[in-house]
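Everything below concerns the one structure shown next.
There are 2 protein chains.
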Amino acid sequence: MTDRRARRHEATRQEILDAAWRLARERGLTGWSLREVATEVGMRAPSLYGYFGSKEAIYDAMFAEGSAQLLARTDAMPRPADPVDLLRAVAREFVDFCVADPPRYQLLFLRVVPGFVPSPASYALAEEVLERLRGVLAAAGVTSERAVDLWTALVTGLATQQVSNDPDGTRWTDLVDHAVDMFLASELATPR
Amino acid sequence: MTDRRARRHEATRQEILDAAWRLARERGLTGWSLREVATEVGMRAPSLYGYFGSKEAIYDAMFAEGSAQLLARTDAMPRPADPVDLLRAVAREFVDFCVADPPRYQLLFLRVVPGFVPSPASYALAEEVLERLRGVLAAAGVTSERAVDLWTALVTGLATQQVSNDPDGTRWTDLVDHAVDMFLASELATPR
DNA sequence: GTCTATAAATGGATAGAC
DNA sequence: GTCTATCCATTTATAGAC
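Protein sequences appear in the order of chains A and B.
Residues in the first sequence are numbered from 1 upward in steps of one, following this note's numbering.
Residues in the second sequence are numbered from 193 upward in steps of one, following this note's numbering.
Written out as structure tokens, the structure reads:
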């Protein structure tokens, strides 16, 4: 039975995570402290330990939440019937997702927090994202592991450049459709 | 006149930079302190201020040094006569450069150190890298700004994936030639 | 040029009262 | 469940002696 106590606990946990995300967006993924998070939610630092066992545990929950958000966003997407159109849409969705929240992107896809390694449970969510991507690519006729790797390099590269070199513009996001065409022309030209 | 004093000063400066790089490689780009750098070179932390005005100044010198290394490496490269072979070689060189030193890659190409912005002088070196790349691409018949942007997305994407997801393997570096072929097939097919 | 001393703050984390 | 108090370490940086 999920009683009020448990629900309240969960709500506070979420408040803490939200505060951590907010600070990460303001000052960088690694630019915040437990003290600041606590202040943000109207607590003192030690109280956070009733909800998370360590700062790493907060990063881990953020990692899981970010992966879940990507999964949810992909699921909620309008899905064109044509597999190639779908692939194009998935690429746009992914890059937009990254650009919308740079620290989230850094946490999920760059290894940038010293010492942080996602827990198996959190990593499983990231694996699930990749699994679905494999399905979408396969539907469009792209099945080789090398092609999947090339795809991830391509879309993360567009996201990286956009976030790092033109955070407020669209210089690289504007290239997504063109990049997908390039990719498909190459990968579908030489099946087998 | 460059006397002994000035040369000695420069040598110590370099020792400090080397120590900072070493620590960055061991514990992550942001995972080291001035105290540790000082210990590494046999000093106490305050003495570093005779060589660098702040920790940011050390990051800035590292940024400049990293850019200079990439420039030097590109210059020292064997240069195939065929422009397309040259482009292929440049791509391999770039990805190898990134993979050889992940923190250096993160410092130069990802905005990952909270608050750090390279000085104009250091950034000019990074611009010079891009300028030379433009020349190499132009020689191969790739001139549009969009194509240059797509190129940087492609090679940084390969580097990002290699460094973040297979740091000790060659899963993405093995794709460099294939990626260049894909890029050229697309960009040279539709000139003008 | 390097040191000690110290500022002034901040870090993550724990013990134990309420 | 949240607090105060505190640990113990560490942070970047400056002042001033040697």
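Every residue, glycine too, gets a C-beta built ideally from N, C-alpha and C.
Model, not experiment: these values are computed from the prediction.
Span separating the alpha-carbon of residue i from that of residue j
i: B/Leu279; j: B/Glu320; result: 17 Å
i: B/Pro383; j: B/Gln261; result: Residue placement at B/Pro383 cannot be trusted, given a pLDDT of 48 that sits under 50; what the coordinates show is reported in the next sentence. Going from the Cα of B/Pro383 to the Cα of B/Gln261 covers about 33 Å.
i: A/Ile58; j: A/Arg7; result: 19 Å
i: A/Ala91; j: B/Met235; result: 51 Å
i: B/Glu285; j: A/Phe94; result: 28 Å
i: A/Ser67; j: B/Thr204; result: 45 Å
i: B/Val309; j: A/Leu107; result: 20 Å
i: B/Leu209; j: A/Leu175; result: 38 Å
i: A/Asp96; j: A/Gln162; result: 10 Å
i: A/Phe183; j: B/Asp373; result: 11 Å
i: B/Phe244; j: B/Ala212; result: 12 Å
i: B/Ala268; j: A/Asp177; result: 36 Å
i: A/Ala189; j: B/Ala377; result: 11 Å
i: A/Tyr105; j: A/Thr152; result: 13 Å
i: B/Leu302; j: A/Ser164; result: 6 Å
i: A/Arg134; j: B/Ser246; result: 47 Å
i: B/Ser336; j: A/Asp168; result: 22 Å
i: B/Gly307; j: B/Gly242; result: 23 Å
i: B/Met141; j: B/Glu218; result: Not covered by the structure: residue 141 of chain B. The range shown for chain B is 193 to 384.
i: A/Ser122; j: A/Leu130; result: 13 Å
i: A/Asp101; j: A/Leu34; result: 21 Å
i: A/Trp32; j: A/Pro78; result: 36 Å
i: B/Gly333; j: A/Gly141; result: 31 Å
i: B/Asp277; j: B/Asp195; result: 46 Å
i: B/Glu248; j: B/Arg214; result: 17 Å
i: B/Arg197; j: B/Glu228; result: 25 Å
Contact list for residue i against chain B, beta-carbon separation under 9 Å
i: A/Ala193; result: Residue coverage of chain A in this structure runs from 1 to 192, which leaves residue 193 of chain A outside it and unanswerable.
i: A/Gln161; result: Phe301, Asp341, Thr344, Ala345, Thr348, Gly349
i: A/Leu175; result: Arg338, Asp341, Leu342, Ala345
Chain-ordered neighbours of residue i on chain A, where CB pairs are closer than 7 Å
i: B/Ala283; result: Within chain A, no residue comes near B/Ala283; the closest Cβ sits about 12 Å away, beyond 7 Å.
Partners in chain B for residue i, counting only beta-carbon separations shorter than 7 Å
i: A/Val117; result: Under the 7 Å cutoff, chain B gives no residues; its nearest Cβ is about 12 Å from A/Val117.
i: A/Ser164; result: Phe301, Leu302, Arg303
i: A/Pro78; result: Here the premise fails: no neighbours, minimum Cβ distance about 25 Å.
i: A/Pro114; result: Arg219, Gly220, Thr222, Gly223
Beta-carbon proximity check, residue i vs residue j, cutoff 8 Å
i: B/Ala371; j: B/Leu342; result: no
i: B/Gly349; j: A/Thr173; result: no
i: A/Ala64; j: A/Leu48; result: no
i: A/Val99; j: A/Leu29; result: no
i: A/Ala139; j: A/Glu187; result: no
i: B/Leu263; j: B/Leu317; result: yes
i: A/Glu15; j: A/Val41; result: yes
i: B/Arg324; j: B/Thr362; result: no
i: A/Pro83; j: A/Ala89; result: no
C-beta neighbour in chain A for residue i, strict 8 Å
i: B/Pro312; result: no
i: B/Gly223; result: yes
i: B/Arg384; result: Per-residue confidence for B/Arg384 stands at a pLDDT of 42, beneath the threshold of 50, marking its modelled position as unreliable; the derived number appears in the next sentence. No, B/Arg384 lies away from the interface with chain A (no Cβ there is under 8 Å from its Cβ).
i: B/Gln206; result: no
i: B/Arg200; result: no
Contact with chain B by residue i, beta-carbon distance below 8 Å
i: A/Arg171; result: yes
i: A/Ala179; result: yes
i: A/Gly194; result: No statement about residue 194 of chain A is possible, as the shown extent of chain A runs from 1 to 192 and does not include it.
i: A/Gln69; result: no
i: A/Gly141; result: no
Assumed close pair residue i, residue j - CB separation to whole angstroms, cut-off 8 Å
i: A/Asp166; j: A/Ser119; result: With a Cβ gap of about 34 Å, A/Asp166 and A/Ser119 do not count as contacting.
i: B/Ala216; j: B/Pro295; result: 4 Å
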